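These notes concern the structure reproduced below.
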Amino acid sequence: MTCQEAFRAIARGCLDDLAANQQATCEGDPEALHQMRIALTRLRTARSFFSSFIPSSEWSNVKGELKWLNKHLSRARDLDVTIARLLSADDKSPKQSLGRAWRKTWSTSHRKLSLTLRSKRYRMLLRDMSIWIENGKKSSATPQSSTSLATYSARRLDRWHKKLIKKSRAFENMNSSQRHRLRIKAKRLRYILETIESLLPSQSLGKIQELLKSLRKIQKLLGHLNDAEQGHAIAATFVKPTHDNGKRWRSLFPAGQKSSKRTIKAAALILRQMAELKPF
1 MTCQEAFRAI
11 ARGCLDDLAA
21 NQQATCEGDP
31 EALHQMRIAL
41 TRLRTARSFF
51 SSFIPSSEWS
61 NVKGELKWLN
71 KHLSRARDLD
81 VTIARLLSAD
91 DKSPKQSLGR
101 AWRKTWSTSH
111 RKLSLTLRSK
121 RYRMLLRDMS
131 IWIENGKKSS
141 ATPQSSTSLA
151 TYSARRLDRW
161 HKKLIKKSRA
171 FENMNSSQRH
181 RLRIKAKRLR
191 YILETIESLL
201 PSQSLGKIQE
211 LLKSLRKIQK
221 LLGHLNDAEQ
231 GHAIAATFVK
241 PTHDNGKRWR
251 SLFPAGQKSS
261 KRTIKAAALI
271 LRQMAELKPF
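Here is the structure:
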């Protein structure tokens, strides 16, 4: 299998996942929506990973449309996560203060998403993506054109791993935006590694599994921090907390508090351990 063939196989799978979860997402299923977002992220990650073999001119034709789709999916998904967290809280006060506001916001967001996924623009996007995947032009010859898939993947993964470690050196001093960007890099490395893991040398399997385990932990920890940040922003659009319930409200999304500090310390430790791995 060539690098271009590998990309096409991955991309087909991502489109299949989008199609398989479309109907349930339109019906308000939060897990189906989550799977659509994952499929879209995996598709964009695969394109970035195999960018040396994909003409940039062709990618530019679909990049904007994928960004458009991601915006709609992300908004609805962030609401799902925020509301699930509110409903699972022990304290009833913030739930009651939300009243009908969050239900209306959730319904509006998912109705817009449903219209998006049933729109002509979305159907054209899937059609154009399918045509591009199957009939896209081959990139011009480069020094990597004759490189085997296994060799290319190992080199590329090594580069992504080193970039992630370099970016994480000042992790404990990062602001929320910087942590979010680092989380995206960790997520991309995890997704592509899970996809092409079987192509890598068997002698590296142990360290690769260790790296994957660490990446999943990092994604979960940084995801908690990101959910808290998003939760503050979204919850503020529902209702303004009063002086009396302010502490209870903030406890639902404890960004910047003790729990967040513990999360940051735990993530920093995992990142330091990852820096010692040499899986590729």
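To convert, note that position 188 of the sequence shown is 188 in this note's numbering; the numbers rise steadily by one, no gaps. Cβ coordinates follow ideal geometry from the N, Cα and C atoms, glycine included. Keep in mind the model is a prediction, meaning the values are calculated, not measured.
query, result
"Three-state class that DSSP yields for Leu117 in the structure shown", "helix"
"Nonlocal neighbours in the same chain, by C-beta distance under 7 Å from Ala76, ignoring five residues either side", "Leu33, Ser109, His110, Leu113"
"DSSP state of Ser168 mapped onto helix, strand, coil", "coil"
"Beta strand (DSSP E) runs wholly inside the stretch 16-70, at least 3 long, in chain order", "none"
"DSSP-derived helix/strand/coil call for Lys261", "helix"
"Extent of the continuous alpha helix (DSSP H) run through Lys278", "Where Lys278 is concerned, there is no enclosing alpha helix (DSSP H), given that its DSSP letter is neither H nor E."
"Cβ-based neighbour list, Val81, same chain, cut-off 6 Å, excluding 5 preceding and 5 following", "Asp227"
"Classification of Lys187 by the beta-carbon crowding that lies within 10 angstroms, buried from 16 upward", "buried"
"For Glu5, three-class secondary structure by DSSP", "helix"
"Exposure label - Met274; buried when at least 16 CB within 10 Å", "buried"
"Anticipated Cβ contact below 8 Å, Leu271 with Ile218, distance rounded", "7 Å"
"Rounded straight-line distance, which links the Cα of Asp78 to that of Gly231", "8 Å"
"Where Ile131 falls, given that 16 or more other Cβ within 10 Å makes a residue buried", "exposed"
"Ile133 to Leu211 span [Cα, whole Å]", "30 Å"
"Leu269 versus Ile10 - alpha carbon distance", "32 Å"
"Reference Leu193; option with closest CA among Ser153, Lys163, Pro55, Asn175", "Ser153"
"Proximity below 8 Å, CB of Glu229 to CB of Ser168", "no"
"Rounded C-alpha distance that separates Arg42 from Ser107", "27 Å"
"Neighbourhood of Ile83 by C-beta, 8 Å cutoff - its chain only, sequence neighbours within 5 removed", "Trp102, Trp106"
"Leu69 beta carbon less than 8 Å from that of Tyr122", "yes"
"Reduced DSSP secondary structure (H/G/I, E/B, other) of Leu225", "helix"
"Beta-carbon proximity list for Trp160, same chain, < 6 Å, skipping 5 on both sides", "Leu189"
"Supposed contact pair Tyr191 and Thr45 - C-beta distance, whole angstroms, cut 8 Å", "5 Å"
"Option nearest Arg37 by Cα separation, candidates Ala6, Leu182, Leu205, Leu117", "Leu117"
"Check whether Ala267 and Leu222 have beta carbons under 8 Å apart", "yes"
"Nearest to Leu18 (by Cα), restricted to the options Gln178, Ser204, Met174, Met129", "Met129"
"Ala6 classed as buried or exposed, judged by whether at least 16 other C-beta atoms fall within 10 angstroms", "buried"
"Anticipated Cβ contact below 8 Å, Leu182 with Phe171, distance rounded", "7 Å"
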